[in-house]
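Taken in order, these protein sequences are the chains called A and B.
The end of the first sequence is residue 414 by our numbering, with every number in the run present.
The end of the second sequence is residue 319 by our numbering, with every number in the run present.
Heads up, the beta-carbon is just placed ideally off N, CA and C, and yes, glycines get one too.
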Amino acid sequence: MFENIGEMVILWWRTLLALPRSWRQREKVFEQFFEIGNASLLMVCILSFFIGGVIALQTGPVLVERGLANAVGGVVGISICKELAPVMMSILIAGRIGSAMAAEIGSMRVYQEIDALRTMNINPIHYLVLPRLIAIAVALPLLVIFAILVGWLGGAFVCTANSRIDISFAAFFTTLRDVVQIKDVLNGVFKSFVFAWIVGVVSCHQGLITIGGPRGIGRSVTKAVVNSIVLIVILDYILTRVLVRS
Amino acid sequence: MTTPSSQPQGVGVQVRGLRKSFNGHEVLKGLNFEVKPGEIFVLMGPSGSGKSVLLKHVIGLEEPDAGEILIDGKPIQSSNVLDQYRLAMVFQSGALLNSLTVGENVGLYLAEHRLKPPEEIARIVTDKLEVVGLKGAEDQMPSELSGGMKKRVAIARALVIEPQLILYDEPTSELDPLSAVNIAEEIVKLNQRISVTSLIVSHDRDLAFGVADRVAVINDGQILTIGAPHEVEQSKDPFVHDFLSVRFRRG
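So, in structure tokens, the structure goes:
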């Protein structure tokens, strides 16, 4: 993975330089955007609802036993919006969308479709990478905002339904509002924006360097997902350190 | 590449001292030959002899380790020559974009470079598909086509560029004899109609001697013989003789 980081940075930079061409590729951007949403929305909904529920279930009874019932909403709310929603959704998207990007571009590479584009003077970065990166960079933060809201709902539902916690819906959101500020939500959304670039660049790069037929495509897909997740976790630590200070 | 406009005139290709190695294995060992403007030149040789690698160099998909390729006397490595001339390649597999329809594949060059309005592109696509005998196939997906049809779509896609040089990589491989003859006829008709230069790599003897103005035989990265088809047939080189005359006989 690390030997390819230079190539990935170059790919990312070339994509940035191609951003003025985005409008020309708008149809492909919308196509990719809806594919990401369509493929992920239900999974995001289920995953974030249960993550919110599990956090409430883990922290709720401990806090309530210590007389800190009014902190449950805040703890659940801030954990979801600053950490769990951006990281878990990015990992989900790496598995669901990053793998598809690597497989599609990888198979185009193996079956000479990318060579065919080059012979027609069509830049594969403009044609294949740019629309995917723009789409994922817009879609993932939106999915994370949605995941935060659903995660909070999941937490509130468990707090209401679980007899050991027994906090009403309204009380949960009142305490959540006292603790969670808009900048905390933006913090999570910003992280997801960075992670989206990571997933997009890693997956497209893996696709573009695929060699060796169907087995090579399989290897690229695995590498795209694993490398994306490793980089997401490492960058999550770095971003958290930076954002906590600011 | 320049905008396709007038009837194209073929361009000449010169290959001088071309060398290429992959992982220490030398695939091209100093190739020298010339393709004249408007000529059909067939490069024959066994699988793995470096034919496809050579084509990739001519179209700029590979960089040579040594030597140079000139298009109309201008080296392709040292300037934007590949942007000045209209070159097209028909890949062995067709290399159609599987996510696009046949019509979208054929019109891709014009659409992506915004050279024509959509209605004009649709008309050109219909025309080019008719030329290769696939009228009405615009809405089909590549996965619905046979190997021969894919190759004909790839030729139609190349025609849209109105090329001055077409490179064909094994145009008749994996085809039944009738489809192979159809493709060979297309190559000759195209050459006669728009005087495009055609560089074909193949190990199909019937194709080579049926369509070529000149033939070269390559083996192990080196050209063994070059000349008009009847001259190559009379070559004294033992490999060329075996390659052109070998037949499988049971028992």
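Item: On the CB-based measure, 16 or more other CB atoms within 10 Å of its CB, does Thr-343 (chain A) come out buried or exposed?; Value: buried
Item: Please classify Asn-148 (chain B): is it buried, with 16 or more other beta-carbons within 10 angstroms of its beta-carbon, or exposed?; Value: exposed
Item: Following the continuous alpha helix (DSSP H) through Phe-348 (chain B), name the residue where it begins and the one where it ends.; Value: Only positions 69 to 319 of chain B appear in the structure, and residue 348 (chain B) is not among them; the question remains open.
Item: Hey, how far is the Cα of Glu-233 (chain A) from the Cα of Asp-346 (chain A)?; Value: 21 Å
Item: So Asn-173 (chain B) is in the alpha helix (DSSP H); what residue range does that whole segment cover?; Value: 170 to 180
Item: If you measure from the beta carbon of Ala-271 (chain A) to each beta carbon in chain B, is any gap under 7 Å?; Value: no
Item: Hey, Pro-292 (chain A) and Leu-301 (chain A) are a contact pair by Cβ (cut 8 Å); roughly how many whole angstroms apart?; Value: The pair is not a contact, with the Cβ atoms about 13 Å apart (cut-off 8 Å).
Item: Short of 8 Å in beta carbon distance, which residues of its chain neighbour Asp-207 (chain B), apart from the five on each side in sequence? Order them along the chain.; Value: Thr-169, Val-170, Gly-171
Item: Could you pull the start and end residues of the alpha helix (DSSP H) that Met-257 (chain A) belongs to?; Value: 253 to 261
Item: Check whether the segment 199 to 208 of chain A touches the segment 305 to 317 of chain A, taking contact to mean three or more Cβ pairs, one atom from each stretch, closer than 8 Å.; Value: yes
Item: Using alpha carbons as the reference points, say which of A:Arg-189, A:Met-211, A:Asn-395 lies closest to Ala-270 (chain A).; Value: A:Asn-395
Item: Given that Glu-180 (chain B) touches chain A, what residues does it touch there, using C-beta distances under 8 Å?; Value: Met-288, Ile-290, Tyr-295
Item: I'd like the span of the beta strand (DSSP E) that includes Asp-207 (chain B), first residue to last.; Value: Unbroken run through Asp-207 (chain B): none, as it is neither H nor E.
Item: Mapping DSSP to helix, strand and coil, what is Leu-312 (chain B)?; Value: helix
Item: Starting from Ile-127 (chain B), find everything on chain A with Cβ-Cβ shorter than 9 Å and list it in chain order.; Value: Asp-283, Arg-286, Thr-287
Item: Say whether chain A places a C-beta atom closer than 7 Å to the C-beta of Ala-163 (chain B).; Value: yes
Item: Please state if the CB of Ile-400 (chain A) and the CB of Phe-363 (chain A) are separated by a distance shorter than 7 Å.; Value: yes
Item: Assuming Lys-218 (chain B) and Leu-164 (chain B) make a contact with CB atoms under 8 Å, what is their CB distance in whole Å?; Value: 6 Å
Item: Restricting to Cα atoms, I'd like to know which of A:Gln-280, A:Leu-296, A:Gly-322, A:Ala-303 is closest to Val-222 (chain A).; Value: A:Gly-322
Item: Mapping DSSP to helix, strand and coil, what is His-328 (chain B)?; Value: In the structure as shown, chain B begins at 69 and stops at 319. Residue 328 (chain B) is therefore absent and cannot be evaluated.
Item: Suppose you measure from the CA of Met-211 (chain A) to the CA of Leu-411 (chain A); what does that come to, to the nearest Å?; Value: 28 Å
Item: What's the gap between the Cα of Ser-303 (chain B) and the Cα of Phe-311 (chain B)?; Value: 11 Å
Item: At least one CB of chain B closer than 7 Å to the CB of Gln-280 (chain A): is that the case?; Value: yes
Item: In this structure, does DSSP put Lys-257 (chain B) in helix, strand or coil?; Value: helix
Item: If you draw a straight line from the alpha carbon of Val-297 (chain A) to that of Arg-318 (chain B), how long is it in whole angstroms?; Value: 53 Å
Item: Under 9 Å Cβ-Cβ, which residues of chain A neighbour Tyr-177 (chain B)?; Value: Met-288, Asn-289, Ile-290
Item: Against Ala-156 (chain B), what residues of chain A qualify as contacts under a CB-to-CB distance less than 7 Å, listed in chain order?; Value: Thr-287
Item: Counting Cβ pairs, one atom from each stretch, are 3 or more of them under 8 Å apart for the segment 240 to 251 of chain B and the segment 79 to 89 of chain B?; Value: no
Item: Using only alpha-carbon positions, find the residue among A:Phe-361, A:Ile-335, A:Lys-351 that is nearest to Ala-237 (chain A).; Value: A:Ile-335
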